[in-house]
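A.B. asks:
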Amino acid sequence: AQSVSQHNHHVILSEAASLELGCNYSYGGTVNLFWYVQYPGQHLQLLLKYFSGDPLVKGIKGFEAEFIKSKFSFNLRKPSVQWSDTAEYFCAVNARTGGFKTIFGAGTRLFVKA
Amino acid sequence: EAGVAQSPRYKIIEKRQSVAFWCNPISGHATLYWYQQILGQGPKLLIQFQNNGVVDDSQLPKDRFSAERLKGVDSTLKIQPAKLEDSAVYLCASSYRTSGLTDTQYFGPGTRLTVL
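Those sequence lines, one after another, are chains V and Y. For the first sequence, the numbering used here gives the first residue as 1, with consecutive numbering after it. For the second sequence, the numbering used here gives the first residue as 115, with consecutive numbering after it.
#1: Since A134(Y) and L191(Y) should fall inside the 8 Å C-beta cutoff, what is the C-beta to C-beta distance between them, to a whole number of angstroms?
#2: Pick out whichever of D217(Y), R178(Y), T216(Y), L215(Y) has its Cα sitting closest to the Cα of S132(Y).
#3: Consult DSSP for L153(Y) and reduce its assignment to one of helix, strand or coil.
#4: For L33(V) versus Y89(V), is the C-beta spacing smaller than 8 Å?
#5: Can you say whether Q38(V) is buried or exposed, counting buried as having 16 or more other CB atoms within 10 angstroms of its CB?
#6: Which residues in the same chain as G186(Y) place their Cβ atom closer than 7 Å to its Cβ, once the five residues preceding and following it in sequence are excluded?
#7: Could you please tell me which residues of the stretch 15-35 of chain V, in chain order, have their CB closer than 9 Å to any CB of chain Y?
#8: Report all residues from its chain with a CB closer than 7 Å to the CB of L205(Y); omit the five preceding and five following residues, and keep chain order.
#9: Look at Y6(V) and C23(V) and say whether their C-beta atoms are less than 8 Å apart.
#10: Give me the Cα-Cα distance between T102(V) and T145(Y), rounded to the nearest whole angstrom.
#11: For H10(V), which beta-bridge partners are listed by DSSP?
#12: Kindly provide the ranges of any beta strand (DSSP E) runs that are 3 or more residues long and lie completely inside the stretch 35-76 of chain V, ordered along the chain.
#13: Can you list the residues of chain V that D170(Y) reaches, using a CB-CB cut of under 7 Å?
#14: For D170(Y), which three-state DSSP category applies?
#15: State buried or exposed for V93(V), treating a residue as buried only when at least 16 other CB atoms are found within 10 Å of its CB.
#16: Give me, in chain order, the residues of the same chain whose beta-carbon lies closer than 6 Å to that of W136(Y); leave out the 5 immediate sequence neighbours on both sides.
#17: Hey, out of G117(Y), Y124(Y), D171(Y), A119(Y), whose CA is closest to L227(Y)'s CA?
#18: Does G59(V) come within less than 8 Å of chain Y when only Cβ atoms are used?
#19: In this structure, how does DSSP classify R183(Y) when only helix, strand and coil are distinguished?
#20: Does E15(V) come out as helix, strand or coil in the three-state DSSP assignment?
#21: I'd like to confirm the pairing. Which residues does DSSP put opposite V31(V) in its beta bridges?
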């Protein structure tokens, strides 16, 4: 079955540490890729997205993600996290082969220690 | 720009009771989604509307769940009768794109349902 896998369910970092959250998907063909974030007490919101073009995309708050087609991956990175990055992060994939249905990963809870 | 509105925010019911959730998407957004998010999991698509037509309802438990989007704007999701395993957050989202691969989705605050 088509799926989206996020490798880490819980991550704890100290401020200024670097962050990389893994995301792998099982779809072939054309995909739209997203990272959504949910800050405590807030709605799910878009962090960044990849549709086409440069596989390194930049989002809000210094986040970036790299699409590696050969690895079916879309990992999220930030060179230096802040306490305010404490949130839950979801990778999501929308693919023609998936009937255009958006599939979300299980999420990664990030806690940044001040 | 007003966001996606949902009500109620919280609902507690007993099993076998009925419940309904309401969603008002962002003005001008053709596509509306209902997701179920069980604790510890990512959102799971229940149903997707384009205007007032259903695009995908393959994961909607149709024996107990129903949804409609009259006039292509507001939408309601109903559960009748509820089961314990329906306890979850029900998210509504909308997007502008009308066909093909999905564009950015804008999410509402969700309705947290507890079934006792």
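Cβ atoms here follow ideal geometry from the backbone N, Cα and C, with glycine treated the same way.
C.D. replies: According to the structure shown:
#1: On the second sequence, position 20 is the one that residue 134(Y) refers to. On the second sequence, position 77 is the one that residue 191(Y) refers to. Indeed, because the Cβ distance is near 7 Å, the residues count as touching under 8 Å.
#2: Along the second sequence, one-based indexing puts residue 132(Y) at 18. Nearest C-alpha to S132(Y): R178(Y).
#3: On the second sequence, residue 153(Y) is found 39 positions in, with the first residue counted as 1. If DSSP states are grouped into helix, strand and coil, L153(Y) belongs with coil.
#4: As a working note, residue 33(V) is residue 33 in the first sequence. As a working note, residue 89(V) is residue 89 in the first sequence. In this structure, Y89(V) does not lie closer than 8 Å to L33(V) by Cβ.
#5: As a working mapping, residue 38(V) is identified with position 38 in the first sequence. Buried is the call here.
#6: Here residue 186(Y) refers to the residue found at position 72 of the second sequence. Only N165, N166 meet the Cβ criterion.
#7: T30, V31, N32, F34
#8: On the second sequence, residue 205(Y) is found 91 positions in, with the first residue counted as 1. Only Y149, Q151, P157, F221, G222, G224 meet the Cβ criterion.
#9: In the first sequence, residue 6(V) corresponds to position 6, counting from 1. In the first sequence, residue 23(V) corresponds to position 23, counting from 1. The sequence given here has Gln at residue 6(V), not Tyr. Yes.
#10: Indexing the first sequence from 1 puts residue 102(V) at position 102. Indexing the second sequence from 1 puts residue 145(Y) at position 31. C-alpha separation (whole angstroms): 13 Å.
#11: Residue mapping note: residue 10(V) aligns to position 10 of the first sequence, counting from 1. According to DSSP, H10(V) bridges with R109(V).
#12: 44-50, 56-58, 64-68
#13: Within the second sequence, residue 170(Y) is the residue found at index 56, counting from 1. Within 7 Å Cβ-Cβ: G99, K101.
#14: As a working mapping, residue 170(Y) is identified with position 56 in the second sequence. Looking at D170(Y) - three-state DSSP - the assignment turns out to be strand.
#15: Working through the first sequence from its first residue, we reach residue 93(V) at position 93. Answer is buried; the Cβ neighbour count reaches 16.
#16: Position 22 of the second sequence, counting from 1, holds the residue named residue 136(Y). S121, T190, listed in sequence order.
#17: The sequence position of residue 227(Y) within the second sequence is 113, counting from 1. Checked all of G117(Y), Y124(Y), D171(Y), A119(Y); the closest Cα to L227(Y) is Y124(Y).
#18: If you number the first sequence from 1, residue 59(V) lands on position 59. False, the Cβ-Cβ gap to chain Y never drops below 8 Å.
#19: Locating residue 183(Y) in the second sequence gives position 69, where the first residue counts as 1. Residue state, collapsed to three classes: coil.
#20: The residue given as residue 15(V) occupies position 15 in the first sequence. Looking at E15(V) - three-state DSSP - the assignment turns out to be coil, as it is neither helix nor strand.
#21: If you number the first sequence from 1, residue 31(V) lands on position 31. Paired residues: A95(V).
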